[in-house]
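There are 2 protein chains.
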Amino acid sequence: MRVARFAGDDDPRYGVVGADGDTPIIAPLKGDPLYAPLELTGEKLALEDVRLLAPVIPRSKVVCVGKNYVAHAAEMGGNVPEEPLIFLKPNTSVIGPGEPIFYPKQSQDVHFEGELAIVIGRICRNLTAEDAPKVIYGYTVANDVTARDLQAKDGQWARAKGFDTFCPLGPWIETDFDPSDVRVRTTLNGETKQDGRTSDMVFDVTTILQYVTSFMTLLPGDVVLTGTPDGVGPMQAGDHVAVTIDGLGTLTNPVVADD
Amino acid sequence: MRVARFAGDDDPRYGVVGADGDTPIIAPLKGDPLYAPLELTGEKLALEDVRLLAPVIPRSKVVCVGKNYVAHAAEMGGNVPEEPLIFLKPNTSVIGPGEPIFYPKQSQDVHFEGELAIVIGRICRNLTAEDAPKVIYGYTVANDVTARDLQAKDGQWARAKGFDTFCPLGPWIETDFDPSDVRVRTTLNGETKQDGRTSDMVFDVTTILQYVTSFMTLLPGDVVLTGTPDGVGPMQAGDHVAVTIDGLGTLTNPVVADD
């Protein structure tokens, strides 16, 4: 099932994405499916008529794993860490599909990083390997936008990865998905820049969730980014960046100068 | 005015701390004063009869400044940064006064760091020096608990500073407070370990808020920690750590082994 969040008249609404014959539609839900039972309103809207938003705004945090693909760790000039390298992006950095990534004046080297994102469905701590899959609500596509120059300058990555708009998520959450071996591809203005497979992750989804919850409680709606394949590179204002994960969809965002 | 949050029968409640003659009392409020107009219920409770909680649970984030006192930067073996060094603690690390700091098995070197904390009252971005004070709801006391061994090992500080219980806040929020030159003192089992003054901060409250909001939107209830004076050191299970800021009060927490 694909669960999307979309702009309503007042507040955002949620819906299930499907098809009516050949027409992609969205069937609105009552309430937020992360916190309320799944109940359709009975409406049917053409998908092209609604504006999709980030499928989830984490109540608490976006937890990220750095250098989780061997070839990316190498292109960053380092080895793979012995344990997952964890950092945080604030929920204020989250935007949805189609929303602009603002290129900040403070940076001259803003990079894309296409990633698989896990959406947490249940409060959890100290997960076992057996229980880890049970707390996953679903998966979506993420772009861990990074000001590469500030990342090197600051040492801590909170600014370089925490700018408003630096965490595009979407287009929806897929609740039935096997993350073990899927293609993750990033294009810039249509040209392929990253092309990896999740099977090349150093630490898989279960291991990441076990590790993170060994020190930090995860809450429903928290999002965990699983690292980026090699091929990261710069974007410029005017560019369009798209991250595609097979079975999930494509997350596209324009890059716009922050004036 | 001192605004506290305390355990109610079901949900946490908020109240104004004061005195009835010589007896410290708390006058409960309707709703959360960060989001609702200030309205007393008319009740009066003895302060000693209520259990205080963290005065705020950030909806979004705890933003922290590292190495913001010259003498502390020196004891950490480094110079003062040219710009504020920003990192994040997750809101899941927040606890209140009296609640236990759990000493994790993953660390053998957990340190206290007493700090002044700013509580944000209004959504803000790109603050000017003139506007920065207007977004401050008040101030409270914080302990930026840090697993020093993991901080060095991981490079990124998300784990070392992000464990559940590693962000004690309290005992309340003081809304009328001049942060420019007050004493910040940390004791361990009654023995003074840190004794600094906020006038020794490298970057003052206004500069910190201008810097943080130059890249990140702050939301009502977000908390900004302003750095710790020198004298940081280890705690052990069984210890009691207390951070006192003149004009704000004392935040005391026991340290308990995480079994």
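Heads up: the sequence lines are chains A and B, in that order. According to UniProt numbering, the residues represented by the first sequence are 1 to 259, in order. According to UniProt numbering, the residues represented by the second sequence are 1 to 259, in order. For each residue, glycine too, the CB sits at the ideal point set by N, CA and C.
Cβ contact annotation for T217(A) (same chain, cutoff 6 Å, sequence separation greater than five): R125, in chain order.
Between I208(A) and V119(A), the gap from beta carbon to beta carbon reaches 7 Å or more. As summarised for the segment 119-162 of chain B, the continuous beta strand (DSSP E) elements at least 3 residues long and confined to that stretch are 136-143, given in chain order. Chain-ordered listing is empty here: chain A has no CB closer than 7 Å to the CB of F102(B), the nearest sitting near 10 Å.
The beta carbon of F6(A) sits no closer than 7 Å to any beta carbon of chain B. Counting along the chain, no alpha helix (DSSP H) covers T250(B); the unbroken beta strand (DSSP E) around it starts and ends at 249-257.
For K61(A), the nearest beta carbon of chain B is closer than 7 Å to its own beta carbon. G78(B) is outside the set of residues whose beta carbon lies under 7 Å from a beta carbon in chain A.
Those residues of the segment 142-171 of chain B placed with their C-beta closer than 8 Å to a C-beta in chain A are D154, G155, Q156, W157, A158, R159, G162, F163, D164, ordered along the chain. Separation of R148(B) and I26(B) (C-alpha to C-alpha, rounded to the nearest whole angstrom) is 38 Å. The beta carbon of N253(B) is closer than 6 Å to those of I101, P168, V241 in its chain, skipping five residues each way along the sequence. In chain order, Q156 make up the part of chain A whose C-beta sits under 8 Å from the C-beta of G66(B). Under the three-state reduction of DSSP output, I57(B) falls in the coil class, being neither helix nor strand.
For A73(B), the CB contacts under 7 Å within the same chain, skipping 5 residues up- and downstream, are K67, N79, V80 in chain order.
In terms of beta-carbon proximity, N126(A) stays away from the interface with chain B, with every pair separated by 7 Å or more. Bounds of the alpha helix (DSSP H) holding Q210(B) are 205-212. Annotation for L127(A): L209, Q210, T213 place their beta carbon closer than 6 Å to its own, counting only its chain and skipping 5 residues before and after.
Look at the segment 78-94 of chain A: the residues with a C-beta under 7 Å from a C-beta of chain B are L85, I86, F87, L88, P90, N91, T92.
For V50(A) against A7(A), the beta-carbon gap comes to about 7 Å, under 8 Å, which counts as contact. Judged by DSSP in its simplified three-state form, V65(A) adopts strand. Proximity to T192(A) across A142(A), V243(A), D32(A) peaks at V243(A), based on C-alpha coordinates.
In the DSSP assignment, A36(B) falls outside any beta strand (DSSP E) and carries neither an H nor an E.
Look at the segment 157-198 of chain B and you find these whole runs of beta strand (DSSP E), each 3 residues long or longer: 167-174, 183-188, 191-197. The bridge partners DSSP lists for A73(B) come to none. In this model, G227(A) and P33(A) are separated by some 26 Å (Cα to Cα). Against chain B, the CB of F215(A) has a partner CB under 7 Å away; the residue lies at that interface. Closest option to D246(B), judged by alpha-carbon separation, among G196(B), M201(B), K61(B): G196(B). With distances taken between CA atoms, A117(B) lies nearest to K89(B) out of S107(B), K89(B), Q106(B).
Between S60(B) and L225(B), the C-beta gap is not smaller than 7 Å, which leaves the two residues out of contact. Looking at the backbone, the Cα of L248(A) and that of A158(A) are separated by about 28 Å.
Counting only runs of at least 4 residues, the segment 215-247 of chain B fully encloses no alpha helix (DSSP H) element at all. Non-local C-beta neighbours of V255(A) in its own chain, meaning closer than 6 Å and more than five positions away in sequence, comprise I101, Y103, M235, A237, D239, ordered along the chain. Closest by C-alpha distance to E39(A), out of D154(A), A19(A), L47(A), P28(A), is P28(A). Under the three-state reduction of DSSP output, E115(A) falls in the strand class.
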